[in-house]
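As you go down the protein sequences, you meet chains A and B in turn. Going by this note's numbering, the first residue of the first sequence is number 1, and it counts up by one from there. Going by this note's numbering, the first residue of the second sequence is number 112, and it counts up by one from there. Even for Gly, the Cβ is constructed at its ideal location relative to N, Cα and C. Quick caveat: nothing in here was measured; it's all calculated off a predicted structure. To keep things clear, I will list the structure first and then write my remarks on it.
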Amino acid sequence: MSDEPTRGAAPDHELDPVIHAQARLRVMVALSVLREGDRLAFPRLQELLGMTAGNLSIHLRKLEEAGYVEVVKTHQGRTPTTLIGLTRRGRLAFEEYTAAVKALLSLTEEE
Amino acid sequence: MVDEDPDERPPASPEETLRLIEAARAAAQRDMQPDPRLTYMPWGVAWLVGFGLLFLRFGPGGRVLVEMPNWVPLVVLYVLLTGAFVLSALSGIRAARHVRGVSSVQGLRYGLSWAAGFAGVVVIASRYSARLPDPEVVLLWSGLSLAVVGLLYIAGAAIWQARDMFVLGLWITLVNIGGFLAGPGWHALATSLAGGGGMLVGGFVEWLRWRRGQC
Numbered sequence: 001m002s003d004e005p006t007r008g009a010a011p012d013h014e015l016d017p018v019i020h021a022q023a024r025l026r027v028m029v030a031l032s033v034l035r036e037g038d039r040l041a042f043p044r045l046q047e048l049l050g051m052t053a054g055n056l057s058i059h060l061r062k063l064e065e066a067g068y069v070e071v072v073k074t075h076q077g078r079t080p081t082t083l084i085g086l087t088r089r090g091r092l093a094f095e096e097y098t099a100a101v102k103a104l105l106s107l108t109e110e111e
Numbered sequence: 112m113v114d115e116d117p118d119e120r121p122p123a124s125p126e127e128t129l130r131l132i133e134a135a136r137a138a139a140q141r142d143m144q145p146d147p148r149l150t151y152m153p154w155g156v157a158w159l160v161g162f163g164l165l166f167l168r169f170g171p172g173g174r175v176l177v178e179m180p181n182w183v184p185l186v187v188l189y190v191l192l193t194g195a196f197v198l199s200a201l202s203g204i205r206a207a208r209h210v211r212g213v214s215s216v217q218g219l220r221y222g223l224s225w226a227a228g229f230a231g232v233v234v235i236a237s238r239y240s241a242r243l244p245d246p247e248v249v250l251l252w253s254g255l256s257l258a259v260v261g262l263l264y265i266a267g268a269a270i271w272q273a274r275d276m277f278v279l280g281l282w283i284t285l286v287n288i289g290g291f292l293a294g295p296g297w298h299a300l301a302t303s304l305a306g307g308g309g310m311l312v313g314g315f316v317e318w319l320r321w322r323r324g325q326c
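Written out as structure tokens, the structure reads:
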């Protein structure tokens with residue numbers, strides 16, 4: 001860290017790599033808006049983010065593997081529904097990520 | 112390489128990251144909260160116009176300020192209230208669609224509390240309607256209804272931690288009590304201008320917040 005060659009550039013390696021990618025960051029933000037204990041159905045999340053189903057699935061799987069997102073498959077009447085929500089760990093990771101970004105910003109502003 | 116995928120690319124700078132977070136948060140908030148122009152303002156218009164006509168037809172001291180058949184203000188009020196109900200219910204349902212969990216239970220129970228409140232109003236007010244003169248009947252129905260509305264706005268503000276909603280509920284309660292004590296006619300005027308006006312102002316303030324995604 002001390003031999004950072006370009007001062008002022010974001011030291012990306014300090015930020016959670018699972019969240020620090022545009023698509024997954026947007027997924028995390030959208031889910032963080034939900035109240036704790038709420039889940040969003042897959043089609044609504046897809047519509048909200050404007051992503052293809054395949055693409056969204058790939059990113060959700062990565063977030064799920066990190067333990068940030070919970071994907072619950074259930075039935076509503078006869079139709080299968082996939083519900084998605086942040087885990088407590090995911091909520092915490094997102095808060096830490098946002099705090100880290102803000103800390104970086106105040107660092108670069110001080111220079 | 113995963114890095115070739117634009118989705119995997121991190122935002123260019125911390126500034127860019129924060130901007131992306133804020134924009135995405137605002138968009139999601141707007142999508143998941145109903146538009147206040149559809150939830151507050153139709154009620155404001157209904158009260159302003161409907162109670163305004165009631166005041167003109169059933170003025171203070173039994174005066175008729177503007178000649179019109181008895182049923183005109185009531186029918187206009189009911190039509191506008193029904194329209195407001197449909198608009199706000201649809202936009203609420205739309206915002207809550209595909210969301211499951213704590214807030215769907217809260218929303219359902221809160222919706223039922225309105226039905227419970229108005230069931231009480233209808234039963235109580237119906238019993239006395241036939242025995243009272245017209246201006247008192249109008250006062251009875253609107254006084255009881257506004258008491259329920261004010262109370263449920265305050266209760267809703269407690270559920271959703273919504274400050275504007277709390278202020279509006281308190282305001283409606285005060286307007287109702289003040290107007291009721293002043294008597295028939297005055298109550299309709301207060302409900303029209305202060306109540307309906309308050310709803311329109313409250314809706315506008317909420318809309319400014321909603322537009323910025325800060326609801």
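| Opposing strand residues paired with His75(A) [DSSP bridges] | For His75(A), DSSP records a beta bridge to Pro80(A).
| task | Step through the CB atoms of chain B and report whether any lies within less than 9 angstroms of the CB of Arg35(A). | result | Yes, its Cβ sits closer than 9 angstroms to a Cβ of chain B.
| said: Measuring only the C-alpha atoms, how far is Ser202(B) from Val312(B)? | reply: As the crow flies, the alpha-carbon of Ser202(B) is around 19 angstroms from that of Val312(B).
| query | Is there contact between the stretch 148-163 of chain B and the stretch 306-320 of chain B, where contact requires at least three CB pairs shorter than 8 angstroms? | reply | In short, these stretches touch, since the Cβ pair count reaches three.
| Neighbour flag for Gly212(B) against chain A, beta carbons, 9 angstroms | For Gly212(B), at least one C-beta of chain A is nearer than 9 angstroms to its own C-beta.
| query | Asp16(A) and Glu96(A): beta carbons closer than 9 angstroms? | reply | Cβ atoms of Asp16(A) and Glu96(A): closer than 9 angstroms.
| task | Using 10 angstroms around the beta-carbon of Leu219(B), count the other beta-carbons present and answer buried if the total reaches 16, otherwise exposed. | result | For Leu219(B), the number of other beta carbons within 10 angstroms of its own is below 16, and it is reported as exposed.
| Counting only beta-carbon atoms, is Gly85(A) nearer than 9 angstroms to chain B? | Residue-level contact check: Gly85(A) touches chain B, since one or more beta carbons of chain B fall below 9 angstroms from its beta carbon.
| Closest by CA to Val71(A), which one among Lys62(A), Thr82(A), Leu49(A), Gly77(A)? | The shortest C-alpha separation from Val71(A) is found at Thr82(A).
| task | For chain B, find out if any of its Cβ atoms is closer than 9 angstroms to the Cβ of Ala99(A); answer yes or no. | result | The beta carbon of Ala99(A) sits no closer than 9 angstroms to any beta carbon of chain B.
| field | Within chain A, the residues that Ile270(B) reaches when beta carbons sit closer than 7 angstroms | value | Against chain A, a Cβ distance below 7 angstroms from Ile270(B) picks out nothing, because the smallest value is about 11 angstroms.
| Hey, how far is the Cα of Ile283(B) from the Cα of Leu198(B)? | The straight-line gap from Cα to Cα measures roughly 21 angstroms.
| query | Just the Cα atoms here: how many angstroms apart are Gly294(B) and Thr193(B)? | reply | The straight-line gap from Cα to Cα measures roughly 26 angstroms.
| query | In chain order, what residues of the same chain have a beta carbon less than 8 angstroms from the beta carbon of Arg136(B), not counting five sequence neighbours either side? | reply | Take Arg136(B), set aside five residues on each side of it, and the residues of its chain with a beta-carbon closer than 8 angstroms to its own are Gly324, in chain order.
| Does the separation of the CB atoms of Ile84(A) and Ala41(A) fall below 9 angstroms? | Cβ distance < 9 angstroms, so Ile84(A) and Ala41(A) count as in contact.
| task | Would you verify that the beta carbon of Asp146(B) is, or is not, closer than 9 angstroms to some beta carbon of chain A? | result | So, not an interface residue.
| said: Is the separation between the beta-carbon of Arg39(A) and that of Val286(B) shorter than 9 angstroms? | reply: Judged by their CB atoms, Arg39(A) and Val286(B) are not nearer to each other than the 9 angstroms cut-off.
| query | Helix, strand or coil: which one does DSSP assign to Val101(A)? | reply | Val101(A): helix per DSSP, three-state reduction.
| message | Can you confirm whether Leu60(A), when its beta carbon is compared against all beta carbons of chain B, has any partner nearer than 9 angstroms? | response | In terms of beta-carbon proximity, Leu60(A) stays away from the interface with chain B, with every pair separated by 9 angstroms or more.
| To the nearest angstrom, how far is it from the Cα of Val33(A) to the Cα of Val160(B)? | CA-CA distance, Val33(A) to Val160(B), rounds to 37 angstroms.
| query | Would you say Ala30(A) reaches chain B, if we count a Cβ-Cβ gap shorter than 9 angstroms as a contact? | reply | By this cut-off, Ala30(A) is an interface position.
| query | Just the Cα atoms here: how many angstroms apart are Gly145(B) and Tyr221(B)? | reply | It is Pro, not Gly, that sits at residue 145(B) in the sequence shown. Going from the Cα of Pro145(B) to the Cα of Tyr221(B) covers about 15 angstroms.
| How long is the line joining the alpha carbons of Glu4(A) and Thr52(A), rounded to whole angstroms? | Residue placement at Glu4(A) is flagged as unreliable, the pLDDT there being 43, under the threshold of 50; the coordinate-derived value follows with that caveat. So the two alpha carbons sit approximately 38 angstroms from each other.
| query | From Leu129(B), Val216(B), Glu317(B), pick the residue whose C-alpha is nearest to that of Val274(B); which is it? | reply | It is worth fixing the name first, because residue 274(B) is Arg in this sequence and not Val. Out of Leu129(B), Val216(B), Glu317(B), the CA that lies nearest to the CA of Arg274(B) is found in Glu317(B).
| task | Pull up the distance between the alpha-carbon of Arg35(A) and that of Leu164(B), whole angstroms please. | result | Arg35(A) and Leu164(B): Cα-Cα distance of roughly 42 angstroms.
| What distance in whole Å lies between the Cβ atoms of Ala266(B) and Phe169(B), which are believed to be in contact at a cut-off of 8 angstroms? | So it is not a contact: roughly 31 angstroms between Cβ atoms.
| said: Under 8 angstroms, with one C-beta from each stretch per pair, do the stretch 125-135 of chain B and the stretch 180-192 of chain B reach the 3-pair mark? | reply: Counting C-beta pairs with one atom in each stretch, the stretch 125-135 of chain B and the stretch 180-192 of chain B have fewer than three that are closer than 8 angstroms, which means they do not touch.
| Endpoints, the alpha helix (DSSP H) within which Val175(B) is located | Per DSSP, Val175(B) belongs to no alpha helix (DSSP H) and is neither H nor E.
| Alpha carbon of Phe94(A) to alpha carbon of Ala230(B), nearest angstrom | Rounded to whole angstroms, the separation of the alpha carbons of Ala230(B) and Phe94(A) is 45 angstroms.
| My guess is that Trp252(B) and Ala236(B) are in contact by the Cβ rule of under 8 angstroms, so how many angstroms apart are they, rounded? | Between Trp252(B) and Ala236(B), the beta carbon gap of about 5 angstroms places them in contact (Cβ cut-off 8 angstroms).
| request: Give the DSSP-derived three-state secondary structure of Glu47(A) in the structure shown. | output: Helix, per DSSP.
| message | Within 9 angstroms of any Cβ in chain B, is that where the Cβ of Arg91(A) sits? | response | Not an interface residue.
| request: Ignore the nearest five residues each way along the sequence and tell me which others in Val179(B)'s own chain have a CB closer than 7 angstroms to its CB. | output: First, the residue type needs correcting, since residue 179(B) is Met and not Val in the sequence shown. Within the same chain, Met179(B) has close Cβ partners Arg168.
| field | In DSSP terms, what Leu86(A) is bridged to | value | Val69(A).
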